[in-house]
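Trainee: Chains as they are written, first to last, in this note's numbering: chain Z, 1 to 254; chain H, 255 to 563.
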Amino acid sequence: MNGYLVFARKEAAEIVRTWRIWVLPSIVLFFALTGPPLARFTPELINALAGGQLGQFQLPPPTYVDAYGQWIKNLAQIVLFSLIVMYGGLVSSETKSGTAAFVLTKPVSRTAFVVDKAAIHSAFLTVILVVGTLITWGVTAAVFGAAPARTLWEAALLWLVLGVFFIAVMTLLSVLIPSAPGAAGAGLGCYALLSIAAIWEPVRINSPAGLAGQAASLAAGIGIPSPVWAVATSLAASVALVWLAASVFHRKEL
Amino acid sequence: MNAAIEAVGLTKDFGRKRALDAIDLSVEEGSIFAFLGPNGAGKTTMIRLLTGLARPSAGSLRVLGRAVASADNAVRASIGYLADVPAFYNWMTARETMRFVGSLYGMTGVQLEQRAELLLDLAGLGGVGARIGEYSRGMRQRLGVAQALISAPRLLLLDEPTSALDPMGRKDVLDLIASLRGRTTVFFSTHILADAERVCDTVAILNRGHVVVQAPMEELKQRYSKQKILVEVTGGAEALAAAIAASAWASSISLGTGGVIEITVNDLAAAQHAIPVLLSSHGAGIERLTVEELDLEEVFVQLVGGARS
């Protein structure tokens, strides 16, 4: 157990003291700050850009729902893509640089090495998401004068389950594929496959494939069937993926 | 005496390439054991097997009485390891690295701080506050030695521990290794023969995945030392050399400048009796007649050089 705790502390310190503390938080902060104002001024921007081409067509006045929708859309696309690219080398970067061998010749199990990485980076994503959502919430309230909490937080937490699932996917891929860009490419491939799989309703309702769409619907104030199954299967799949990653890592020569 | 390391028929293949071929090796607990070999002989592969970073293709390998395949944290807690190219977290300082490694071994508080301080001072890194990313290769190697010793391990595995060090650094590390004699089993790989000769009790020479010889240092030198005779004569060296070359007890002969003849012999007793007779019959005056003791380098060249060519 000592190895788990010490390595987890190292992993957390590494986030704070390297590039990792800047990249994902900066992206999330940028969208959290700019999303609501952008939603507020979208009609004016479109009118200014389109000139007279819109004719009599009038865009409906923006509301907090647009800001929430913008936030979830950014999370589901740009933030998720960034996360996939960032974590392509989650494990392989350490095996390649030799630091994995440095650590794993000490009293630390390979399971601890893999599980700690997945757990600490999931916690990091949770913190980023909570801070980003708080900012979005506050800025939305300032810009629109109304910002119901429940809709936003339900949607954001639903997306968080998807984010954690993708950290688990990237943990496995970074064990399987020695090249970080290669693993990132495979991760984007998984994202594309999930998006396609979401066309089929049973998959959409009961698996991680539907989480992005359900989060977007929640943010837009549209009712969705209970996401319990999608959340449960996503979390179970995350645990299974990390377990599989640890199991494969056990058999690897470093 | 117990064996700290015991390999029987240890084989390691990388695809179709055989890196280690049926190696038998036994390292006594408390000894300083040098694993010698030219580049590419399989030294690093052997150490990777010992640390559990790689798995044998065949044969058995026991470390501190446990099969490496089933070695767990308890075994790793008794081992210190320095890689040939030490890798660290570049964002840490040396002190943070020592604390991190010590914590992994379950050390805490004052004990950890004092041990880290002591070893950093010994490694000459006591006052260095820079991040490891800014270190030279020599500094990394010294830190590597320090971190390998943090837990006062029973077994210390060092892969080319002095390869990147300057002469003073080399001397310090070798003195440190020598000071561990009897308390810690030190297994170190090197191609620097003088290092092995200086500190080790036992030597194994590896070439192309085979252990060519394993013996205590003194026995090894003794085994080969009686096979070289130097004769220096006042004149007629060419004729004498030709007569010696024709003798059955002479394996090889080389004629140097100033009447020096170097003879490798296969029967020392016969040579010791025959050479004075030959000297007398050729009327050659003796400047010198000595049985030379080969140093490790000559033993190494003799054992590995032939195989390489």
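Glycine included, every Cβ here is placed at the ideal spot set by N, Cα and C.
1) Is any beta-carbon of chain H found at less than 8 angstroms from that of Z:L173?
2) Give a yes or no on whether 8 angstroms exceeds the smallest Cβ distance from Z:L254 to chain H.
3) In the segment 341 to 370 of chain H, which residues sit with their C-beta less than 7 angstroms from some C-beta in chain Z, listed in chain order?
4) So, are the CB atoms of H:I517 and H:L494 less than 8 angstroms apart?
5) Does H:M422 pass the burial test, meaning 16 or more other C-beta atoms within 10 Å, or should it be called exposed?
6) Measuring only the C-alpha atoms, how far is H:L533 from H:Q481?
7) Looking at the secondary structure, which residues open and close the alpha helix (DSSP H) in which H:L403 lies?
8) Taking only beta-carbon positions, decide if Z:G145 is within less than 8 angstroms of chain H.
9) For H:K271, write down the residues that DSSP places opposite it in a beta bridge.
10) Are Z:V114 and Z:A197 closer than 8 angstroms when you measure CB to CB?
11) Examine chain Z for any beta-carbon lying closer than 8 angstroms to the beta-carbon of H:A308, and answer yes or no.
12) What residues are listed by DSSP as bridge partners for Z:R204?
13) What are the residues of the segment 394 to 416 of chain H that lie near chain Z, defined by any Cβ-Cβ distance shorter than 7 angstroms?
14) Which two residues bound the contiguous beta strand (DSSP E) that contains H:D413?
15) Taking 8 angstroms as the CB-CB cut-off, is Z:I72 touching chain H?
16) So the candidates are H:D426, H:G510, H:G490 and H:I483; which of them puts its Cα closest to the Cα of H:A524?
17) For the ligand SAM, any of its heavy atoms closer than 7 angstroms to the Cβ of H:I277?
18) What are the uninterrupted segments assigned as alpha helix (DSSP H) that are 4 or more residues long and contained completely in the segment 284 to 310 of chain H, given in chain order?
19) One question on the structure: do H:I386 and H:T362 come within less than 8 angstroms of each other, judged by their Cβ atoms?
20) What three-state label does DSSP hand Z:S226 in the structure shown?
21) Against chain H, which members of the segment 104 to 120 of chain Z pass a CB distance test of less than 8 angstroms?
22) Using only the alpha-carbon positions, how far apart do Z:A180 and Z:F249 sit?
23) Just to make sure I have the definition right: I need the residues of chain H whose C-beta is within less than 8 angstroms of the C-beta of Z:N2. Which are they?
24) Should Z:R251 be labelled buried (16 or more other beta-carbon atoms within 10 Å of its own) or exposed?
25) Looking at the structure shown, is H:D338 part of a helix, part of a strand, or coil, going by DSSP?
26) Evaluate Z:L211 with the Cβ neighbour count: other Cβ atoms within 10 Å of its Cβ, from every protein chain shown; 16 or more gives buried, anything less gives exposed.
27) Could you give the uninterrupted runs of the beta strand (DSSP E) lying entirely in the segment 497 to 531 of chain H, keeping only those of 3 residues or more?
28) Is the CB of Z:T95 under 8 angstroms away from at least one CB in chain H?
29) Nearest chain Z C-beta to H:R330 closer than 8 angstroms, yes or no?
30) To the nearest angstrom, how far is it from the Cα of H:T444 to the Cα of H:S417?
31) Flag this pair as yes or no: are the beta carbons of H:A276 and H:G263 separated by less than 8 angstroms?
32) Could you list which residues in chain H have their beta carbon closer than 7 angstroms to that of Z:R17, in chain order?
33) How many Å lie between H:G490 and H:E552 at the Cα?
34) Please report whether the beta-carbon of H:A337 lies at a distance below 8 angstroms from any beta-carbon of chain Z.
35) Residues in its own chain within less than 6 angstroms of H:G380 by CB, not counting five upstream and five downstream?
36) Of all the options H:S535, H:A497 and H:V467, which has the alpha carbon lying nearest to the alpha carbon of H:Q556?
Mentor: Walking through what the data contain:
1) no
2) Closer than 8 angstroms to some Cβ of chain H, the Cβ of Z:L254 qualifies, so yes.
3) A341, F342, Y343, W345, F354, V355, S357, L358, Y359 and G360
4) No; because the gap between Cβ atoms is not below 8 angstroms, this pair is not in contact.
5) exposed
6) Distance between the alpha carbons of H:L533 and H:Q481: 19 angstroms.
7) That residue, H:L403, is in no alpha helix (DSSP H); it is neither H nor E in DSSP.
8) Not closer than 8 angstroms to any Cβ of chain H, the Cβ of Z:G145 fails to qualify, so no.
9) H:F268
10) no
11) So yes, H:A308 belongs to the interface.
12) According to DSSP, Z:R204 bridges with nothing at all.
13) Within the segment 394 to 416 of chain H, no residue has a Cβ that lies closer than 7 angstroms to any Cβ of chain Z.
14) L409 to D413
15) no
16) H:I483
17) Annotation note on the ligand SAM: not contained in the displayed structure, which lists no ligands.
18) 297 to 305
19) no
20) Coil, per DSSP.
21) L104, T105, K106, P107, V108 and S109
22) 16 angstroms
23) S357, L358 and G360
24) exposed
25) coil
26) buried
27) 504 to 509 and 514 to 519
28) no
29) It does; some Cβ of chain Z falls within 8 angstroms.
30) 8 angstroms
31) Yes, these two residues count as a Cβ contact at 8 angstroms.
32) When 7 angstroms is used as the limit between beta carbons, Z:R17 is near these residues of chain H: W345, in chain order.
33) Spanning the two alpha carbons is a distance of roughly 28 angstroms.
34) Answer yes: the Cβ-Cβ gap between H:A337 and chain Z drops below 8 angstroms somewhere.
35) L374
36) H:V467
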